[in-house]
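Working notes for the structure below.
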């Protein structure tokens, strides 16, 4: 497979993953493109690995986490839930519930959000997620567990501690 | 309850994925950038090959080819399965100073069908040479042009770290049978510090291509390689 074939064959899937992670179309395109250009420089090696997606996704995820951390360091931390939570009218209301969860997701630390996206969007198992993030599978399980608990229970600010060595 | 949250997450992420922007612009920008990088790389390689071509035009030193025997035509070495075919020493990173064809093949100073028996140091590199080559010794199965010995050593460049980038095998295993043509690197007689040319002029052996080479060098009109 040539690099061109890979880009045209997998570009949309890569951009979708970037968009689900970032919820920002411009940032998604930036990090997807950066992942591809970095991959191009190592294309011979990536081809030999037989799994280009794993290589590209790892770069993409690192790009997302780095950009999210840079962003968070220059912005005022959330002191409370996004407004959507405050106006959540009825737990049975699916639309309102999703809005609420979207708000909570946006407030999650980037690594926790990444774990959820890889689990519930990319359908990766914990071992694969751990490999992509460079952590242990137990760390992935712990991060996912805390993030899910926060999403389920929170009417308060979401606090999911990031401890890659857990 | 946990299942409900997980189901909601799946639905939310699936919805978001559907709202992702189209990737066509990003793909095109990426491929344009990669194309620019390729051009830079080719320009760099072209400099190297032009330097080699220039060096070949310089008449000069007349030592360096290891030859043994002047008369005997050795029995062909059995090549086994011809599972490796086509040119070596060519890739998208290589800019060729001449395109491989019947007329350009006939213009090469030497050409033979040979089986690699050893790899050693270069016979043509000079201090500071931009092409770093290795001397590959072949048992010659058939001369098409430029020689008559049982064995011959010619330089081939691109071995080692750069071999895969330039399409050469990292190592020519003993017994690999090639069709080889090229030039004296610094000018002179055909086998003076001979160097195998890439870009189709050096290829894995197969009987059909060998027939075409034989015809090209024996027939004035030549068969198309």
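Chains as they are written, first to last, in our numbering: chain A, 569 to 734; chain B, 292 to 516.
Glycine included, each C-beta is placed from N, C-alpha and C at the ideal position.
In this text the structure is predicted, and so the values were computed from the model without any measurement.
**OP:** List the DSSP bridge partners of residue 470 of chain B.
**Re:** B:404, B:494
Original post:
So is residue 317 of chain B buried or exposed if we call it buried at 16+ other beta carbons inside 10 Å?
Top reply: buried
Original post:
Taking Cβ-Cβ distances shorter than 9 Å, what residues in chain B pair up with residue 669 of chain A?
Top reply: 296, 299, 300, 303
**OP:** Report yes if the C-beta of residue 413 of chain B is less than 7 Å from at least one heavy atom of the ligand COA; otherwise report no.
**Re:** Among the ligands in the structure shown, none appear at all, so the ligand COA cannot be discussed.
Original post:
At what residues does the alpha helix (DSSP H) containing residue 590 of chain A begin and finish?
Top reply: 571–590
Original post:
What residues are listed by DSSP as bridge partners for residue 425 of chain B?
Top reply: B:412, B:447
Original post:
At which residues does the beta strand (DSSP E) containing residue 578 of chain B begin and terminate?
Top reply: Absent from the model: residue 578 of chain B. The displayed extent of chain B is 292 to 516, so no value can be given.
Original post:
Which word fits residue 612 of chain A, buried or exposed, when buried means at least 16 other C-beta atoms lie within 10 angstroms of its C-beta?
Top reply: exposed
Subject >> Extent of the continuous alpha helix (DSSP H) run through residue 599 of chain A >> reply: 593–609
**OP:** With a threshold of 16 other CB atoms inside 10 Å of the CB of residue 616 of chain A, please say whether the residue is buried or exposed.
**Re:** exposed
**OP:** Taking only beta-carbon positions, decide if residue 573 of chain A is within less than 8 Å of chain B.
**Re:** no
**OP:** Anything in chain B within Cβ reach of residue 628 of chain A, meaning under 9 Å, just list it in chain order.
**Re:** Neighbours of residue 628 of chain A on chain B: none; closest Cβ ~12 Å, over 9 Å.
Original post:
Quick one: what's got a C-beta closer than 6 Å to residue 569 of chain A's C-beta in the same chain, skipping five residues either side?
Top reply: none
**OP:** Just the C-alpha distance for residue 394 of chain B and residue 329 of chain B, rounded to the nearest angstrom, thanks.
**Re:** 29 Å
**OP:** Can you have a look at residue 671 of chain A and say buried or exposed, based on whether 16 or more other CB atoms are within 10 angstroms of its CB?
**Re:** buried
**OP:** Leaving aside the five residues before and after residue 685 of chain A along the sequence, list all residues of the same chain whose C-beta is less than 8 Å from its C-beta, in chain order.
**Re:** 585, 588, 589
Original post:
Among the residues of its own chain, which have a CB less than 8 Å from the CB of residue 541 of chain A, if the five just before and after it don't count?
Top reply: Any answer about residue 541 of chain A is impossible in this case: the structure gives chain A only from 569 up to 734.
**OP:** State the DSSP-derived secondary structure class of residue 434 of chain B, mapped to helix, strand or coil.
**Re:** strand
Original post:
If you measure beta-carbon to beta-carbon, which residues of the segment 602–616 of chain A are closer than 7 Å to chain B?
Top reply: 604, 605, 608, 612
Original post:
Using a Cβ-Cβ cut-off of 6 Å (strictly less than) and excluding sequence neighbours within five positions of residue 305 of chain B, which residues of its own chain qualify?
Top reply: none
Original post:
Is it buried or exposed for residue 594 of chain A, if we count other Cβ within 10 angstroms and need 16 for buried?
Top reply: exposed
Original post:
Mind checking residue 600 of chain A: buried by the 16 CB within 10 Å criterion, or exposed?
Top reply: buried
Original post:
What does DSSP give as the partner residues of residue 475 of chain B in its beta bridges?
Top reply: B:485
**OP:** Please check if any C-beta of chain B sits within less than 8 Å of the C-beta of residue 659 of chain A.
**Re:** Below a pLDDT of 50, predicted positions are generally treated as unreliable, and residue 659 of chain A, at 44, falls in that range; no measurement from the model is reported.
**OP:** Measuring only between beta-carbons, confirm whether residue 720 of chain A sits less than 8 Å from chain B.
**Re:** yes
Subject >> Host alpha helix (DSSP H) of residue 709 of chain A (start-end) >> reply: 705–721
**OP:** Would you mind telling me which residues of chain C sit closer than 9 Å to residue 631 of chain A, beta carbon to beta carbon, in chain order?
**Re:** Annotation note: the requested chain C is absent from the structure, which comprises protein chains A and B.
Original post:
Interface residues of chain A around residue 489 of chain B at Cβ under 8 Å?
Top reply: Ordered by position in chain A, no residue passes the 8 Å Cβ test against residue 489 of chain B, which lies about 18 Å from the chain.
Original post:
Measuring CB to CB, does residue 472 of chain B end up less than 8 Å from residue 493 of chain B?
Top reply: yes
**OP:** Check whether the Cβ atoms of residue 485 of chain B and residue 401 of chain B sit closer than 8 Å, and answer yes or no.
**Re:** yes
Subject >> Residues bridged to residue 378 of chain B (per DSSP) >> reply: B:494
**OP:** Would you mind reading off the limits of the alpha helix (DSSP H) that contains residue 681 of chain A?
**Re:** 678–688
Original post:
Which residue's Cα is closest to the Cα of residue 676 of chain A: A:624, A:707, A:715?
Top reply: A:715
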